[in-house]
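Enquirer: Right, I'll just put the structure down here and ask away after.
Numbering (the numbering used here), first residue to last: 114 to 277.
See the structure below:
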């Protein structure tokens with residue numbers, strides 16, 4: 114992977130992670146930027162970005178799963194669109210590694226948030242479980258967390274692994 118591509122994605126993720134953490138929203142302009150960059154990369158580096166279904170597999174899955182998670186109010190629409198377009202900018206041969214890092218990062222951060230919610234809302238959870246109040250339980254776990262910082266963590270981890 115050319116270092117310029119890695120650095121572009123890293124810098125973009127720093128901005129998006131900060132904005133997502135601060136405002137809990139990812140604007141569509143970031144996804145549009147990724148689409149434009151991907152279009153340029155498809156022509157500039159056809160060996161790294163082959164135009165075929167395998168290049169779009171993660172993007173399509175993220176869009177479909179992201180839509181379902183958005184409808185269930187688990188994930189924001191901007192998160193799934195941004196994630197889908199980030200994978201268009203990642204060279205095909207590195208997509209599996211980045212996906213693995215993203216999966217592990219999501220499990221770790223999600224687990225930390227889950228345990229934190231149990232600790233912080235333990236009294237409310239106890240009452241809700243005792244009263245079989247499903248809505249009360251949902252309120253304790255229904256808080257969305259910004260996902261762009263998780264993507265950034267996975268990207269930094271990826272960068273560390275390719276440097277080794």
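Positions of the beta carbon are idealized from the N, C-alpha and C atoms, including for glycine. Note that the coordinates shown come from a computational prediction; the quantities given were computed from them, not determined experimentally.
Which same chain residues, not among the five before or five after residue 205, have their C-beta less than 8 Å away from its C-beta?
Expert: The residue labelled residue 205 in the question sits at position 92 within the chain shown. The residues are 161, 162, 163, 167, 168.
Enquirer: Buried or exposed for residue 172, please, with buried defined as at least 16 other CB atoms from any protein chain shown within 10 angstroms of its CB.
Expert: Position 59 of the chain shown, counted from the first residue, corresponds to residue 172. Classification for residue 172: buried.
Enquirer: For the region 229-241 and the region 201-217, state whether three or more C-beta atom pairs, one from each stretch, are separated by less than 8 Å.
Expert: Too few Cβ pairs lie closer than 8 Å, so no.
Enquirer: Taking a contact to mean a Cβ-Cβ separation below 8 Å, would you say residue 192 touches residue 234 in this structure?
Expert: Taking the chain shown and counting its residues from 1, the one referred to as residue 192 is at position 79. Taking the chain shown and counting its residues from 1, the one referred to as residue 234 is at position 121. Not in contact: residue 192 and residue 234 (Cβ atoms no closer than 8 Å).
Enquirer: Counting Cβ pairs closer than 8 Å, one from the region 222-232 and one from the region 177-189, do we hit at least three?
Expert: The region 222-232 is not in contact with the region 177-189.
Enquirer: For residue 260, does the three-state DSSP call read helix, strand or coil?
Expert: Here residue 260 corresponds to residue number 147 of the chain shown, with the count starting at 1. Looking at residue 260 - three-state DSSP - the assignment turns out to be coil, as it is neither helix nor strand.
Enquirer: Would you call the region 116-126 in contact with the region 259-273, where contact means no fewer than 3 C-beta pairs closer than 8 Å?
Expert: Result yes; three or more Cβ-Cβ pairs closer than 8 Å.
Enquirer: Residue 147 by DSSP, collapsed to three states: which one?
Expert: Start at 1 with the first residue of the chain shown, and residue 147 comes out as number 34. Reduced to three states, the DSSP call for residue 147 is helix.
Enquirer: Given this structure, state the Cα-to-Cα distance separating residue 116 from residue 276, to the nearest angstrom.
Expert: As a position in the chain shown, residue 116 is number 3, starting the count at 1. As a position in the chain shown, residue 276 is number 163, starting the count at 1. Computed Cα separation, rounded: 11 Å.
Enquirer: If you check the beta carbons only, do residue 119 and residue 223 fall under 8 Å apart?
Expert: Taking the chain shown and counting its residues from 1, the one referred to as residue 119 is at position 6. Taking the chain shown and counting its residues from 1, the one referred to as residue 223 is at position 110. Cβ atoms of residue 119 and residue 223: not closer than 8 Å.
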